[in-house]
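The structure appears right after this line, and notes come after that.
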Amino acid sequence: MVTKQIKELENTKAKIVALEKSIAKTLRKELASLHDKFGFPSLGDFVKALKVASAGSSRKGGRGRAPKAAGGKRRKRAVITDATRSDVKKLVETGKTGSQIAKTLGISLPSVQNIKKAQGLVKARA
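When the count follows my numbering, it moves up by one through the sequence shown with no breaks and lands on 133 for the last residue.
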């Protein structure tokens, strides 16, 4: 009984391999003729059109782009001015935390930390 099941398993595996090869062959043919389906004279023209169509619409955001903030909008880079630096200093003196300062001024916590460090408002580690 077990030998019969083993033979059946081997036959099924062979069918799977043959089916995978058949699918791969059909897929290659379909991909090679895709440009015809969409009315392009050559595969190269089709690839160029795809690149043009996909420019600027990358799912991962692409290189060199600002990360998207909550709500799908891109964050703008904060402009750190002398006024921002003095506001940070005033808020530190009133006892605000770094995250409270960042939220109040609309800048990132690392920016607040960099400003505090540059102004000598951060205690040195022991």
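All C-beta atoms in this analysis are idealised placements derived from N, C-alpha and C, irrespective of residue type, glycine included.
Computed from a prediction, not measured in an experiment: that's the story for all the values here.
Cβ neighbour criterion (16 or more within 10 Å) applied to residue i
i	result
Ala109	buried
Val59	exposed
Ile114	buried
Ser61	exposed
Ser118	buried
Ile3	Any question about residue 3 goes unanswered here, given that the chain covers just 8 to 133.
Ile122	buried
Endpoints, alpha helix (DSSP H) assigned at residue i
i	result
Gly51	50 to 61
Leu41	41 to 44
Lys124	116 to 125
Val95	89 to 100
Ala109	105 to 112
Taking 8 Å as the cut-off, does the stretch 90 to 103 touch the stretch 120 to 130 (at least 3 CB pairs, one atom from each stretch)?
yes
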